[in-house]
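S.K.: Chains as they are written, first to last, in my numbering: chain A, 40 to 157; chain B, 12 to 228. Cβ atoms here follow ideal geometry from the backbone N, Cα and C, with glycine treated the same way. Model, not experiment: these values are computed from the prediction.
In structure tokens:
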């Protein structure tokens, strides 16, 4: 108990509320930077939407937007949802269904010929 | 270590982890699959509507009775996306305020969980206001859930998301009421953490919807 108290009281960014879990959380300054990065990526996404020549290059436009969206998704999950610092069981509970979900989307799009342009 | 934490408030578990946190992650996992089915449906139907209004293209006679402009309002939705992203920042600050109550560096506004919970709820409600405005303007421009495939899949997908945001706002207001009544303490951080995980999940779903529905033409 003393060891636990010493550990949690000396480090202000330690979290013990997930039972058996002790992990660091980002500081509010890191949260602020994360918010700034998310805002910048969102601005870039919208900016890209309004460049007709870029939109016309669908082979580049669509993957670029998907990549920016994936980066935003990952940043929120890793930092705001603390998955980067969390137990592997929580990581598995999220990434497992996420992989199934994304595979389902891709499989259905293939099934309905969305990639072949039919 | 785990004995020390177990004496905190929770019964011992076989994994050493709190069941409530495992439950919320399992729930979020199942929600991923729910939204994957809705997003798939939208993408499959995308571009297959035989009559307007269309999301990114104008519709002219004879396809449509009159000229119809592209229906999506990207500037408005971009602002509402920013609002939802900022609500996630407010939510993590609410959690940090509860976890670090009384610690150095968490005095004033930064340590006020009431302020950050209220801010998150206000920003979530603002997002819902934008969505209500969008839905209303679409209906006035002739797009309802029965108009075409785009309308059906769009209103279903964004409507489900809006319902999730509404549930999240109610959850936040409940936490705020508890905080006002007795004050949330570090031992209550798990309650805030679970609601924060739900709120951030609603945010990441919107990140996907914003790109797939609004930005990709």
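1. Mapping DSSP to helix, strand and coil, what is residue 61 (chain A)?
2. Buried or exposed: which applies to residue 26 (chain B), given that a residue is buried once 16 or more other Cβ atoms fall within 10 Å of its Cβ?
3. For the alpha helix (DSSP H) that residue 136 (chain B) lies in, which residues bound it at each end?
4. Which residue marks the beginning of the alpha helix (DSSP H) containing residue 228 (chain B), and which one marks its end?
5. Rounding to the nearest angstrom, what Cα-Cα distance links residue 68 (chain B) and residue 48 (chain B) in this structure?
6. Pair every Cβ in the region 72-91 of chain B with every Cβ in the region 119-133 of chain B, then say whether three or more of these pairs are closer than 8 angstroms.
7. Suppose the cutoff is 7 angstroms on Cβ atoms and the five residues either side in sequence are ignored; what does the same chain contact list for residue 137 (chain B) look like?
8. Can you give me the start and stop residues for the alpha helix (DSSP H) that residue 96 (chain A) sits inside?
9. Exposed or buried, residue 191 (chain B), counting other C-beta atoms within 10 Å across all chains shown (16 or more means buried)?
10. List, in order along the chain, the chain A residues whose C-beta lies closer than 7 angstroms to that of residue 215 (chain B)?
11. Against chain B, does residue 93 (chain A) count as a neighbour if the rule is that its beta carbon must be under 8 angstroms from one of theirs?
12. State the Cα-Cα distance for the pair residue 148 (chain B) and residue 128 (chain A), rounded to the nearest angstrom.
13. Applying the criterion that 16 or more other CB atoms from any shown protein chain within 10 Å of the CB defines a buried residue, is residue 98 (chain A) buried or exposed?
14. Helix, strand or coil: which one does DSSP assign to residue 154 (chain B)?
15. Going by C-alpha distance, which of B:82, B:188 and B:152 is nearest residue 127 (chain B)?
16. Is the beta carbon of residue 195 (chain B) less than 8 angstroms from the beta carbon of residue 98 (chain B)?
M.R.: Per the coordinate set shown:
1. Interpretation of residue 61 (chain A) is limited by its pLDDT of 47, a score under 50 that renders its predicted location unreliable; no figure is taken from the coordinates.
2. exposed
3. 124-151
4. Note, residue 228 (chain B): premise wrong, no alpha helix (DSSP H); not H, not E.
5. 25 angstroms
6. no
7. 94
8. First-last for residue 96 (chain A): undefined, no H or E at that position.
9. exposed
10. 112, 115 and 116
11. no
12. 44 angstroms
13. exposed
14. coil
15. B:188
16. no
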